[in-house]
Each structure stands twice: as C-alpha cells, then as structure tokens.
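S.K.: Just so you know, the sequences run in chain order A and B. Everything in the first sequence is counted per the working numbering, starting at 1 for the first residue and increasing by one. Everything in the second sequence is counted per the working numbering, starting at 1 for the first residue and increasing by one. Glycine included, C-beta positions come from ideal geometry on N, C-alpha and C.
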Amino acid sequence: MLLFEDLILITVWLATAVVIVNLVFLVFVFYRRWARTRYYRAKDEAKERYRRAVADFMALSVGVEPTAQLLRDARSEAEKDGVLDLLREGLAGLTTPRHVSSSSGMRTPSSAGRIASSSGRLQSGTGRITSPTIVVGQALERVSELLFALGYIEGWARTAFGRGRASELVKRSLNKEKTAVSTEVRQSPLNRIRRMRIFSVPRALAVDKLGSLAADYAHVFMAEALHDPATEVRSVAVAAMGRARHPAAIPLLLEELRKALEEGNDVSLRSTKAALCSYQMSDLELFVPYVRHPNRRLRFFVIDTMREISSRAGRSMQLTRRGFPDELCSLLLEHSVNDVFADVRARSAALVAQFRDAQAAEALRKLLKDENEFVRLHTVRVCGDRYYGDLIPDILRCLSDSKWRVREAAVGTLRAFGMAGLNELFRYFAATSDRYESEQIAEEIQRTGMIEQLVTALASGGEASRLADAVCRKMATMGKTSLLLNAVAARIPQEARILLMDALMVAPTAKYMSILETLAETDGGPVGDKARDLLRQAVSRSGQMSATPSSGRGFPSGSSGRGFPSGSSGRGTPSRG
Amino acid sequence: MEQHIALRILDYLNTLILIYFIVTNLGYTVLMAISLYSVTQHSKYARSRGYADLADSPVTPPVALIVPAYNEEAAIVDTVTALLNLNYPEKEIIVVDDGSSDRTVQVLVDAFQLVRMDLIYREQVPAKKPYAFYHNHRRPELTVISKENGGKPDALNVGINMARSPYFCTVDADSIIERDALLRLMAPVMHSSVNTVVSGGIVRIANGCKLKDGQIAEVGLPKSWLEMCQVVEYIRAFMFGRPAWNFLQATFIVSGAFCMLHKETVVLAGGFSTSTVTEDIDIIATLHRYLREKGWKYRMVFTSDPICWTEAPHTLAMFARQRRRWQLGLMQTVMKNHDMILNPRFGTLGMLSMPFHAYIEAMGCLIEAFGFWLIMPLSFILRSMPLGLFLLFLFLAVGYGTLLSMGSVLLEEATLRRYPKLSHVLKLMGYAVVENLGYRQIVAIFRAQGVLRFFAGMRRWEVVRHKGLEGGEGYTVAQHEA
Numbered sequence: 001m002l003l004f005e006d007l008i009l010i011t012v013w014l015a016t017a018v019v020i021v022n023l024v025f026l027v028f029v030f031y032r033r034w035a036r037t038r039y040y041r042a043k044d045e046a047k048e049r050y051r052r053a054v055a056d057f058m059a060l061s062v063g064v065e066p067t068a069q070l071l072r073d074a075r076s077e078a079e080k081d082g083v084l085d086l087l088r089e090g091l092a093g094l095t096t097p098r099h100v101s102s103s104s105g106m107r108t109p110s111s112a113g114r115i116a117s118s119s120g121r122l123q124s125g126t127g128r129i130t131s132p133t134i135v136v137g138q139a140l141e142r143v144s145e146l147l148f149a150l151g152y153i154e155g156w157a158r159t160a161f162g163r164g165r166a167s168e169l170v171k172r173s174l175n176k177e178k179t180a181v182s183t184e185v186r187q188s189p190l191n192r193i194r195r196m197r198i199f200s201v202p203r204a205l206a207v208d209k210l211g212s213l214a215a216d217y218a219h220v221f222m223a224e225a226l227h228d229p230a231t232e233v234r235s236v237a238v239a240a241m242g243r244a245r246h247p248a249a250i251p252l253l254l255e256e257l258r259k260a261l262e263e264g265n266d267v268s269l270r271s272t273k274a275a276l277c278s279y280q281m282s283d284l285e286l287f288v289p290y291v292r293h294p295n296r297r298l299r300f301f302v303i304d305t306m307r308e309i310s311s312r313a314g315r316s317m318q319l320t321r322r323g324f325p326d327e328l329c330s331l332l333l334e335h336s337v338n339d340v341f342a343d344v345r346a347r348s349a350a351l352v353a354q355f356r357d358a359q360a361a362e363a364l365r366k367l368l369k370d371e372n373e374f375v376r377l378h379t380v381r382v383c384g385d386r387y388y389g390d391l392i393p394d395i396l397r398c399l400s401d402s403k404w405r406v407r408e409a410a411v412g413t414l415r416a417f418g419m420a421g422l423n424e425l426f427r428y429f430a431a432t433s434d435r436y437e438s439e440q441i442a443e444e445i446q447r448t449g450m451i452e453q454l455v456t457a458l459a460s461g462g463e464a465s466r467l468a469d470a471v472c473r474k475m476a477t478m479g480k481t482s483l484l485l486n487a488v489a490a491r492i493p494q495e496a497r498i499l500l501m502d503a504l505m506v507a508p509t510a511k512y513m514s515i516l517e518t519l520a521e522t523d524g525g526p527v528g529d530k531a532r533d534l535l536r537q538a539v540s541r542s543g544q545m546s547a548t549p550s551s552g553r554g555f556p557s558g559s560s561g562r563g564f565p566s567g568s569s570g571r572g573t574p575s576r577g
Numbered sequence: 001m002e003q004h005i006a007l008r009i010l011d012y013l014n015t016l017i018l019i020y021f022i023v024t025n026l027g028y029t030v031l032m033a034i035s036l037y038s039v040t041q042h043s044k045y046a047r048s049r050g051y052a053d054l055a056d057s058p059v060t061p062p063v064a065l066i067v068p069a070y071n072e073e074a075a076i077v078d079t080v081t082a083l084l085n086l087n088y089p090e091k092e093i094i095v096v097d098d099g100s101s102d103r104t105v106q107v108l109v110d111a112f113q114l115v116r117m118d119l120i121y122r123e124q125v126p127a128k129k130p131y132a133f134y135h136n137h138r139r140p141e142l143t144v145i146s147k148e149n150g151g152k153p154d155a156l157n158v159g160i161n162m163a164r165s166p167y168f169c170t171v172d173a174d175s176i177i178e179r180d181a182l183l184r185l186m187a188p189v190m191h192s193s194v195n196t197v198v199s200g201g202i203v204r205i206a207n208g209c210k211l212k213d214g215q216i217a218e219v220g221l222p223k224s225w226l227e228m229c230q231v232v233e234y235i236r237a238f239m240f241g242r243p244a245w246n247f248l249q250a251t252f253i254v255s256g257a258f259c260m261l262h263k264e265t266v267v268l269a270g271g272f273s274t275s276t277v278t279e280d281i282d283i284i285a286t287l288h289r290y291l292r293e294k295g296w297k298y299r300m301v302f303t304s305d306p307i308c309w310t311e312a313p314h315t316l317a318m319f320a321r322q323r324r325r326w327q328l329g330l331m332q333t334v335m336k337n338h339d340m341i342l343n344p345r346f347g348t349l350g351m352l353s354m355p356f357h358a359y360i361e362a363m364g365c366l367i368e369a370f371g372f373w374l375i376m377p378l379s380f381i382l383r384s385m386p387l388g389l390f391l392l393f394l395f396l397a398v399g400y401g402t403l404l405s406m407g408s409v410l411l412e413e414a415t416l417r418r419y420p421k422l423s424h425v426l427k428l429m430g431y432a433v434v435e436n437l438g439y440r441q442i443v444a445i446f447r448a449q450g451v452l453r454f455f456a457g458m459r460r461w462e463v464v465r466h467k468g469l470e471g472g473e474g475y476t477v478a479q480h481e482a
C-alpha cells in the first residue's frame, strides 16, 4: 500500500529528476553552442587552407587528380563542408547563378547541368569556350569528377541507397548510363520503417547532394531515388531532376505525373510539374509523344508544361512557329485545339498563339468562340499580340461574354493592341447599353490607369477627343466618377479639364458640385469661368426642381447615376458571370 | 456531520484535481516527445532544401494577403511595406479598413499614392458592403478597401470577396512577417499530394526586438517579466503543441495573425463566422466539419519555420483582456462543435485533439485556477490533505511545467535559433522556470474568467492596446468591437 511517507519520497525523487533533466537541457545548450563554434572554426580554417587549391582547380590550371590528392586531407565533416563551400563559390563565381544551395551540396545555375551534358564535346582550356553558361557546365563536370575522386559521392550514395547499391550506382554514374523508365517503389517489408522521417531525411539530404552533380552523373542517382519508399526522398529527386534538366529524366517525370493522376502518388503534382517546367524550348520535342496520351489529364499537364516553357522563353525573345518542333505544331493545330477535354483546348491556345502565323490565327479565332468559358478565357488572354490584330473584332465580341472573367480578359487584351485596341474598346464602351459589360470595362479603365490616357485624349481634338468625351460621359452616367473628379481637381491641361467638367455634368454628384464651387471661388481663369457657368446652369435647373444646388440636393448622390439602379457601382453579385 | 461532508467533498475535488494534473502533464509530455521528433526532422529537411525553387517556379500559386485593420494608422504603413517586400512570386495585398475612426486609410493613400476608384465588388461570402476602394495602377498588387465596422471576421470576408488568388493569407495589421515566410508557408501546400486547405506558421513576440523598414532588424528580448513570460509561453505553444497536433493530423488551432487558407474551400464553407470572438479557431473547426461531411481528402498543416512577429500586451490589464477573449473564443468554438468530441468520424481530431482542447485547454483552466488558488490551500489548511499529497500537487502544478518550458526553449535553440546571443537563451531558460512560479497560475485565473464569461453569455471583444515596437511608428490601438 502506498503510504503518504512514500508519496513525499516519490515527489522528492520526481522533483530531483526534473531538476536533473533541466540541468541536462542547460548543459546541452552550452554544448551545442560550443560544438557549432568549433564546427564553423574548423570549416573556416579548412576554407583558408584549401582556397588556393580550389581556385587553381577552377581556373583549369591544376587537374582533377592532383587537386583530389590535396583535398583528401579534409577528413572531418566541417572540413569536407568547407571544401564543398569553396567549390560552390567557385562555380557561382563563373556566372550569376539562379540557384545557390544553402546546403553543403552544390547547386549551380539551373542551366549548368543541361549544358554539362554537352560539355563532353568541349576540351578543357582550349579556348573554345563560348559563353559563361558553358564555362559553368564544364566546370560542374570537372567538379563532379573531383567529388568522385574524393569519394564524397560514394559516401552520399551509401547514405542514400545503402552500401550494397552504392558502388554499383557510382560505377553506372561514372559511365553516364541510361536508366529504365520505371519509378515503381521497391517493395520491402522494411518500407514502413524506411518511410519514417528519422531514416528518410538523411537519405533525402544525400540525394539532394547527389542531385547537384553534373546532369549526366546525377541522373543515375535520381532515377534510383524515385524507387525510394519515402516521399521526402522522391520529392528531392524530382526537384533535382528539374534543376539538372537531363533529357532522359522527362519520361521519368511524366511517369511520376501519370502515377499521380491514375494511381495516386505521394509526390505532389505541383512538385513534378514544377520540375518539368524547368526544361527549355529545345526540350519540347521530348514532350511530343505525350501530347496524344490517352489520359486526358496527362495531356493537359503536358500541354500546360509546354505552355509554361514557351511563355518563359517568350519573355526574352519573340517566338514563332520555327521555334517549335514541326511535329508538335501539327499535333497542336490538328488535335489539341480540338481536344474533347476543354482544359487541353484552353492551354493549347497559349502555345498556338506563340506560332504567329495565319493557321494559328485561324485556330485562335475558333477557340475564341468555344462553348467552354475557360477555353474562351485562356484564348482571349493570349491574343494580345500585335500579330493578331485581325482578331480584334472577335475579341470585341468577348466583351459581351456572359462570364466576367472573359470580359475582363478581353479588356486587357484590347489594351495590349495599343491605341487601335483602346479606340475599339472605348467605342464599344460608349455604345453598349449592357450594364455588366459597361461595369467590367469601367473597372478595367480605372484599374489599369487608362483614365490618364483618356484625359490626355480629351484635349487632343478630333475623333480621339470625341471618343474620350463619350467615354467620360458614360462613366459619369454610371456613377464611376471618383477618378474623373480627381482629374478635375488636379492640375491637368485646362482644355481637358473644361471638357471633363462638361462631361461630368451629365450626372452631377454632390461631390462634383462642391468641387465646382471650390473652383468657382478659387480659380480666376477659364476653368473658374466654366465652373461658375456650370453652377449657374445647375441653379436654374434645380430651380425648376425647387432644390438648392449648393447643398447637393436635387442631384443624384453617391455613385448612382442615370440609367443605372442605385448602387450600380458594382456592389452585389451581378447575375451574369 | 456537515464538516465530514465538506471534507468528503474536498477529498473528491482533490482526487479530480490530481487526476487532471496527471493527465494534463502526461498529455503534454507526449506532445513534447512528438514535437521534438517532428520539429527537428523538419528543420533538418527544410534547411537543406531552401526555397529558391519555389520563388522561381511558375507553378507556385498566387496568394492574397488580407490585412484587416481597425485604427492602425501608426503601424499599417510598416506592415504593408513589409508585405510588399515579401519574397514571393505573385501576391496581392488587400487591406480592409474596418471603419477606423483614425487616419488608417489616409496614411495608406499618402504613402502609396493610392486613388479612390469605383471597383466591382462580387460577394461570395456574406459581409458588410465596402463603400470605397483605393488603388494605384502603378502598384497593382495593393488594394485598400473601406467598410463600416463589422469586426475582424467581417473584414476578412470582404477581403476574400475581393481576392482573386486561389489562396489567401490572413495577416494582423500590427504583425511583421519575415521575408521568406510566405514561401515557407506555401512549401507544404506545393509538396502535398492532397488539397492543403490550411497552412499555419509560428508567431513570436516582437517586444524587445528592433524594427527597421518594416522588418525585424535585431532580435532581442523584452525587459519586463510579463513580456518575458509571454515570450517563453509562445515558444512553448508553437514549438510543442502545434507541431505535435500537426504530426497527428489533428490541427485544431492555427493563429490568425499569420495563416494561409484555400479560398475556394473557405468560400464553400461559408467564410469566417461572426459567432465567435476567435475567428481563426472557428474557421479551422468549420473547415474540418465541412470537408469531413463532403468526404473530401484534405490536409491542414502547421510548419515550424515561417515566422510572424507580433506585439504582446505590455500591461497586466491588457494581457488579462487578451487571454479572456482567447479563452472565450476557444469555449465558443468547442461548444459550437461539441459533436466532434470523441466522434470517430473526425479521426484523430475527434478522438484526441478535440477532447484535449475541450477538457484540458478550454475547461481545464477552471480546475487549475480553483484547484491551485482555493481547493489545495484550503485542504491543506483544513488538514484534509497530507503533506505528501500537497507536495505532489505542487510538483504537478508547478514543477513539471518547468521541464516542458525548458524543453521548448531547447527545441528552439536546436532548430530555429532566432535568438542569436547565448545570454538570450540563458535568460529564456531562466524564465522557463520562473513563468511556472506565478505567471501560469495568473493566466489560469484570466482564462477561467473567460470560461465563466462564456457561461454567463457574454461575447464582447475586449479592447487590447499596444504600445508599439522599438523602431516602429509608435503607439497603436487594436480595437475590434464585435
């Protein structure tokens, strides 16, 4: 039986245990700080010791084997990390890298790996190097060879794949062997344990380091890592494949994608797609076999990936049909734009738009009339290219689309055509009586800063001025006057200001009248005269309505204008779109 | 006879309190062990991978940062500047002025050259209608909305209605988000094979830190004991409780000061509710319920490295108000969702997390407050409790807590290391002991008041005033009337 005396003893023991554990925690903090200081000191010393050797190696003045002999003295973890840091800094110094690793592995410009695969054709130090990226590719290959010679890669491979597989994989990697298109997880009774993070994280970190080698060397390891049961390891391998951009990795990544779509895959679709999107225009031909894949969602992802690749390339240069593989162009124009799956049609539009030829224009025209709103939306978004000026009437039709996102995209696209598109947009806006279309266009006019262009056009005279005036009157009627009132109160050219004051008079608000009163009192020039004139007109008009203009009564207040119900500034969900 | 009955009752109460303390401490110990494992593993994994890939990827989804603001004129420009400078590929920032009586909107208009526009507002979740929109086409990612006062959940709903991105992140107007924090919050969403509807991060106390250009320029510790105890308490809550519940896939609380949500799911679930005073806890429960009822696969994650810094109350009065509100909100949410407690349909959430939050986190404070301050001393004085038992009580109520607090500081030192100086860590460890000797017991009283207010039917959102951070713009007032 538990006695109270025992309870005192138990409590004392428990309290003592807690105090001891707390002291252990405290000691651990001191130990950790001390260990970190020691680690960084050793690392810094190693970096100082080997800086010259690594610099000579990177400058191609010393070969792989002599450098390896020197660096083999680095044995502790801190020293090895110091060497890796130096090599990474050396690679980063060759060009401005996009990806620099925070880990102790190396991460080089994402293009480096891809270039490394062709760098075998280059000879070290022969003066045939043509660009910084090729220099990096070549250097990465040499660095990888150095890491093989130092035995680092074997160590990482052992951690990632076990002692048994490591030596075989290292051999295959050195031979730059091809891999089978298989990403099946190897079945083992130990898989449950291997999935535990305590075991999978070290493997993932090792795979991450292996993934930073030159693409030809890394590919074997990454392909092997896709058979790992742990999500962390496979995710790291997929990301590394995206960085290395080895052509042979595309089928593996697409297989991962297929698994995610058809069977379920713990590596996310987004991760795999992000890796695929890293590829370049020159790799598009490798995607061609999948454009007509029986799985419609895979077709969609493939087309969407190519869209991302081409749109990234399109930001730095103007693409044409010649930039795409012929087979891909035919497939897109004949099949993808007519695909039964609307998402495929929608994403095909963006690719087709990059062709910039008559056939592409015809395909886009057809897609602009597609029954599916997403197809229309994505198509109208990509037509904003001066080459497709002939499509302006079709884009104008999208302004009356039943879906607001399509209407919004159409406004943005018309803007991309410059004055030609804007004039068409303004004409349409002035003429339409549809509330939803008008609301959408007015929103875009405000959001995108078109008001400034409108006000400038007001004073320019001729057709442009008449059009701008019509647009301003329409906006005033709709109660979308906030920006116009700002313009009246601001110091814009006098002539434009006077015209704008006239336009706002079609539906004067209380705020407008108060601005007029201020102008009438403070401005002695033509603007003041105009304000006084408009106020007189307002007084005579409101006299008939028995109201006092100065108080704002007798005028529509707030944003409600003539022709629109109260609250027509868009509040509430429009029933259309 | 009467004395005998009273002593008997005291005995029963003591047994109840003893069982409560044993269960609570066991529960926290298990959570501590799970957190130690999951946080250290995550830290190793995340540190090696970096976030450059995410920042460059076209696949990274856009995020709308929704900032509800009420009388935040002093802090709002710093907050928005920090948000504009966040390292994230595509973001929109929506500040919702919830009917401020100060110059919140005007300072934003002046600082970012915004102009008033008449924009379209499409209501997807119910909220009070906005009456003004401010925008600058040269800074298209920022929109400021003015609406009449309706409380924080209402302001968040307006933000949702204006957001165009598939995800949105709620950000308190007086919080500072670290530059990469949004990417870190998005990482689990990107790497998840199922729809991740909620992703939450850590909130830290900024008192004592130095601010520069809307960012924490120098991490420091506050001087007053109250603020220091809160620093330790936040470390414990965010390093222990939440990672462990996340590991068990039973996340029930994510701080609304910095939390990312999937917009479409929130809209389908009806948006933020105004029925509780802690909309952040409420939305999590609502989403769990909605998604379980639909039978959809989903994930809610808590990640231990994205950090948001916030200001803690400086005075005991403000602190009491904050804790009463939190407890009231927790009670409201737990009672609103009482059918989830011990309901196997909700998995580990229903079987573990909900009972823990209901009986230990929500109502347990009554036992802690009355047990520690009333029953235990009374029993000891009346000699109904022997010395051994009294010491055991004291150990369970005070002593064991030091282990948990010290463990959390140790975990912080082993993983995030946001406090660079050794003196900081030692001070934190000192307060990890000190906070168990009075602070936690005082907190228990405030929390108990919150529970009693719930039973009394009160649901007022109490005013919490902040003093402002060093290097910041000065005094701010965060006042929301529900």
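(1) On the DSSP bridge assignment, give the partners of L142 (chain B) in chain order.
(2) G125 (chain A): buried (16+ other C-beta within 10 angstroms of its C-beta) or exposed?
(3) Apart from the five residues just before and just after I216 (chain B), which ones in its own chain have a Cβ nearer than 7 Å to its Cβ?
(4) Counting only runs that start and end within the region 262-297 of chain B, where is the alpha helix (DSSP H) found for 4 or more residues in a row?
(5) With H, G and I counted as helix, E and B as strand and the rest as coil, what does DSSP make of R114 (chain A)?
(6) Run down chain E in chain order and give the residues with a C-beta less than 9 Å from the C-beta of E233 (chain B).
(7) Between which two residues does the beta strand (DSSP E) carrying V181 (chain A) extend?
(8) Determine whether the beta carbon atoms of S35 (chain B) and F240 (chain B) lie at a separation below 8 Å.
(9) Check each candidate in B:Q449, B:A432 and B:V451 and name the one with the smallest Cα separation from L23 (chain A).
(10) So what's Q230 (chain B) in DSSP terms, helix, strand or just coil?
(11) Contact defined as beta carbons within less than 8 Å: I believe L333 (chain A) pairs with Q359 (chain A). What is the distance between those atoms, to the nearest angstrom?
(12) Using the Cβ count rule (16 or more neighbours within 10 Å means buried), how would you classify A274 (chain A)?
(13) Under a CB-based cut-off of 8 Å, is F341 (chain A) close to chain B?
(14) For G214 (chain B), name the three-state secondary structure that DSSP assigns.
(15) Take I17 (chain B) as the anchor and find which of B:Y439, B:L366 and B:L226 has the nearest alpha-carbon.
(16) Could you check what DSSP says for Y167 (chain B) in three-state terms: helix, strand or coil?
(17) Should the region 107-121 of chain B be called in touch with the region 66-84 of chain B, which here means at least 3 C-beta pairs below 8 Å?
(18) Please classify S117 (chain A) as buried or exposed, where buried requires at least 16 neighbouring CB atoms within 10 angstroms.
(19) Do we get a CB-CB distance below 8 Å when we pair S408 (chain B) with the residues of chain A?
(20) Using only the alpha-carbon positions, how far apart do C329 (chain A) and V352 (chain A) sit?
(21) If you compare alpha carbons, which of A:S235, A:R245 and A:L210 is closest to S173 (chain A)?
(22) Closer than 7 Å, Cβ to Cβ, to anything on chain A: give me those residues from the region 94-121 of chain B, in chain order.
(23) Could you tell me whether the Cβ of L182 (chain B) comes closer than 8 Å to any Cβ of chain A?
(24) Whole angstroms are fine: how far does the CA of L367 (chain A) sit from the CA of R405 (chain A)?
(25) Based on the DSSP secondary-structure assignment, which residues constitute the bridge partners of T310 (chain B)?
(26) Quick one: grab the DSSP three-state call for A92 (chain A).
(27) Note down the Cα distance separating V344 (chain A) from A139 (chain A), rounded to an integer number of angstroms.
(28) Which value, in whole angstroms, describes the spacing of the CA atoms of T179 (chain A) and L253 (chain A)?
(29) Using a Cβ-Cβ cut-off of less than 7 Å, give me the residues of the region 182-210 of chain A that come near chain B, in sequence order.
(30) Shorter than 7 Å, the distance from the beta carbon of M331 (chain B) to the closest heavy atom of the ligand NAD, or not?
(31) Could you give the first and the last residue of the continuous alpha helix (DSSP H) run that contains P130 (chain B)?
(32) Taking D213 (chain B) as the reference, give the member of B:T81, B:R453, B:R460 and B:V198 with the closest Cα.
(33) Which residue wins for smallest C-alpha separation from N338 (chain A), given the options A:E362, A:L399, A:E168 and A:S402?
M.R.: By the coordinates alone:
(1) As a first step, residue 142 (chain B) is located in the second sequence; it is residue number 142 there, counting from the start. Answer is B:I93.
(2) The count along the first sequence starts at 1 and reaches residue 125 (chain A) at position 125. Note that G125 (chain A) scores 35 on pLDDT, short of 50, meaning its location in the model is unreliable and no value can be drawn from it.
(3) Your numbering for residue 216 (chain B) matches position 216 in the second sequence. Excluding sequence neighbours, I216 (chain B) sits near I176, A206, C209 and W309.
(4) 263-268 and 279-294
(5) Residue numbering aside, residue 114 (chain A) sits at position 114 when the first sequence is read from its first letter. With a pLDDT of 34 at R114 (chain A), under the threshold of 50, the predicted position of this residue should be treated as unreliable, though the coordinate-derived value follows. If DSSP states are grouped into helix, strand and coil, R114 (chain A) belongs with the helices.
(6) Included in the structure are the protein chains A and B, with no chain E among them.
(7) Along the first sequence, one-based indexing puts residue 181 (chain A) at 181. Looking at the DSSP string, V181 (chain A) is not in any beta strand (DSSP E), and its letter there is neither H nor E.
(8) The residue labelled residue 35 (chain B) in the question sits at position 35 within the second sequence. The residue labelled residue 240 (chain B) in the question sits at position 240 within the second sequence. The answer is yes: Cβ separation under 8 Å.
(9) As a working mapping, residue 23 (chain A) is identified with position 23 in the first sequence. Per the Cα distances, B:A432.
(10) Mapped onto the second sequence, residue 230 (chain B) falls at position 230. Q230 (chain B) falls in the helix class under three-state DSSP.
(11) Walking along the first sequence from the start, residue 333 (chain A) turns up at place 333. Walking along the first sequence from the start, residue 359 (chain A) turns up at place 359. Contact holds; Cβ gap of about 6 Å.
(12) Within the first sequence, numbered from 1, the residue matching residue 274 (chain A) stands at position 274. When all chains shown are included, A274 (chain A) counts as buried.
(13) The residue labelled residue 341 (chain A) in the question sits at position 341 within the first sequence. F341 (chain A) does not count as touching chain B.
(14) Numbered from its first residue, the second sequence carries residue 214 (chain B) at position 214. If DSSP states are grouped into helix, strand and coil, G214 (chain B) belongs with coil.
(15) Numbered from 1 along the second sequence, position 17 holds the residue referred to as residue 17 (chain B). Ranking B:Y439, B:L366 and B:L226 by Cα distance to I17 (chain B) puts B:L366 first.
(16) Walking along the second sequence from the start, residue 167 (chain B) turns up at place 167. The answer is strand: DSSP assigns Y167 (chain B) an E or B state.
(17) yes
(18) The sequence position of residue 117 (chain A) within the first sequence is 117, counting from 1. Summary for S117 (chain A): the model assigns pLDDT 34, below 50, so the residue's position carries little reliability, and this model does not support an answer.
(19) Here residue 408 (chain B) refers to the residue found at position 408 when the second sequence is read from its first residue. No - not a single Cβ of chain A is within 8 Å of the one on S408 (chain B).
(20) The sequence position of residue 329 (chain A) within the first sequence is 329, counting from 1. The sequence position of residue 352 (chain A) within the first sequence is 352, counting from 1. Distance between the alpha carbons of C329 (chain A) and V352 (chain A) is about 8 Å.
(21) On the first sequence, residue 173 (chain A) is found 173 positions in, with the first residue counted as 1. Comparing Cα positions, the closest option is A:L210.
(22) V115, R116, M117, D118, L119, I120 and Y121
(23) In the second sequence, residue 182 (chain B) corresponds to position 182, counting from 1. L182 (chain B) does not count as touching chain A.
(24) As a working mapping, residue 405 (chain A) is identified with position 405 in the first sequence. As a working mapping, residue 367 (chain A) is identified with position 367 in the first sequence. C-alpha separation (whole angstroms): 16 Å.
(25) Your numbering for residue 310 (chain B) matches position 310 in the second sequence. Answer is B:I205, bridged to T310 (chain B).
(26) Residue mapping note: residue 92 (chain A) aligns to position 92 of the first sequence, counting from 1. Helix, per DSSP.
(27) Within the first sequence, residue 344 (chain A) is the residue found at index 344, counting from 1. Within the first sequence, residue 139 (chain A) is the residue found at index 139, counting from 1. Roughly 41 Å between the two C-alpha positions.
(28) Translated into positions along the first sequence, residue 179 (chain A) becomes position 179. Translated into positions along the first sequence, residue 253 (chain A) becomes position 253. Rounded to whole angstroms, T179 (chain A) to L253 (chain A) spans 13 Å at the Cα level.
(29) R197, I198, V201, A204, L205 and D208
(30) Looking for the ligand NAD in the displayed structure turns up nothing, as the structure carries no ligands at all.
(31) Translated into the one-based positions of the second sequence, residue 130 (chain B) becomes position 130. Segment P130 to H135 is the beta strand (DSSP E) holding P130 (chain B); no alpha helix (DSSP H) there.
(32) Here residue 213 (chain B) is taken as the residue at index 213 of the second sequence, counted from 1. Ranking B:T81, B:R453, B:R460 and B:V198 by Cα distance to D213 (chain B) puts B:T81 first.
(33) Indexing the first sequence from 1 puts residue 338 (chain A) at position 338. That would be A:E362, whose Cα lies nearest to the Cα of N338 (chain A).
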